[in-house]
Amino acid sequence: MRGPLFWLSMPFLLPQALRLRRSAPRFSAAAGPVSGTVGDGPRRTLLALGDSIIAGVGASRLSVALVGQTASHLALLEQVKVDWQAHGHVGFSTSKFLRHYERGLPGGDPDYVVISLGVNDITSLATMARWTEGLNEVLSICRRDYPRAVVALAGIPPLSIFPLLPEPLRSVMGKRGQAFDKLARDQVHRFPGMVHVPVDFELDPGFFAADGFHPSERGYVEFGRGMAEALNKANLNSVR
């Protein structure tokens, strides 16, 4: 849902959204170490940055959340040892990301970078222009600070099927998510060595955690597999 239509619907949707904000279950970030190693072979490094998906909300520990699953699948695909680190923050939008890292991104020279942002921009009612501008800055900084890394941006999932969201909020957020995801895909294509990874696998009820909003551990398996396959393909196609 674009521009005027979305904003005209707000008087009807806002009360529903506020009730949901008050009543929705709140899960914590995954427990355990924020770094780890998996696999065997030549050493590779994976850095994950962004929102609650990177923080592993919905999983018991990060090793079975997105970053750990991506590392595990990469290790199998490429027959390598993957050292991974996660820098995830619940509630991060692009603007919060940029403020948090205004002095620079985490150090190191990773082979792979995974970024998850966007859903909090949607739920905080950021405009599409603000989303595009903020994401462009995030990607520019990542390319500057990690010049040789293959960078993958997680696509925005289909909010229209999230169990937590009631109708009509679910449908409206779903359309808004589609519009934001298209803009994200267009931005990623402007940068060499970057790939947009759509959430296009089957999202059945088992994909979701008990909060009806974040992936379950089973969901993170599929998410991580898709991310690793995209990184592997981009790596094979890139000149590094």
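Quick note: to get my numbering, add 5 to the position in the sequence shown (first position is 1).
Each residue gets a CB set at the ideal place from its N, CA and C atoms; glycine is no exception.
All figures in this text were calculated on a predicted structure; none of them were measured in a lab.
Rank the options by C-alpha distance to the C-alpha of residue i and give the top, closest one.
| i | options | result |
| --- | --- | --- |
| V156 | R135, P162, V193 and G217 | V193 |
| N240 | G160, F218 and G198 | G198 |
| W89 | R108, L51 and E107 | L51 |
| L144 | Q183, A214, V69 and G109 | G109 |
| A131 | A184, G229, A233 and A91 | A184 |
| N242 | V200, R230 and G211 | V200 |
| N125 | G139, Y151, D116 and P115 | G139 |
| S283 | R49, T99, F102 and G93 | With the chain running from 6 to 245 in the structure shown, residue 283 is simply not present. |
| A80 | V43, R223 and Y151 | V43 |
| R48 | R104, D114 and G96 | D114 |
| I127 | Q74, A215, G179 and A235 | G179 |
| G231 | G217, V119 and G61 | V119 |
| G229 | S40, S129 and A53 | A53 |
Taking the DSSP output, what are the residues bridged to residue i?
| i | result |
| --- | --- |
| S176 | Beta-bridge pairing links S176 to no other residue. |
| F213 | P220 |
| H201 | L158 |
Is residue i helix, strand or coil when you go by DSSP?
| i | result |
| --- | --- |
| A235 | helix |
| R195 | coil |
| L164 | helix |
| D116 | coil |
| E227 | helix |
| N240 | helix |
| L170 | coil |
| L4 | Because the chain here runs from 6 to 245, residue 4 falls outside it and cannot be looked at. |
Is the closest heavy atom of the ligand ATP to the C-beta of residue i under 7 Å?
| i | result |
| --- | --- |
| L174 | No copy of the ligand ATP occurs in the structure displayed, which carries no ligand at all. |
List the whole-angstrom C-beta distance separating residue i from residue j, where the pair is believed to meet the contact cut-off of C-beta under 8 Å.
| i | j | result |
| --- | --- | --- |
| A91 | I59 | 5 Å |
| D45 | K86 | 6 Å |
| T137 | L122 | About 12 Å separates the two Cβ atoms, so there is no contact after all. |
| V202 | A235 | 4 Å |
Of all the CB atoms in chain C, is at least one closer than 8 Å to the CB of residue i?
| i | result |
| --- | --- |
| N240 | Of the chains in the structure shown, none is chain C; there is only one protein chain. |
### Length at least 3, wholly inside the stretch 31 to 112: the beta strand (DSSP E) runs in chain order
40 to 44, 48 to 55 and 86 to 93
### Task
May I have a chain-ordered list of the beta strand (DSSP E) segments no shorter than 3 residues that lie completely inside the stretch 118 to 162?
Counting only runs of 3 or more, we get 155 to 159.
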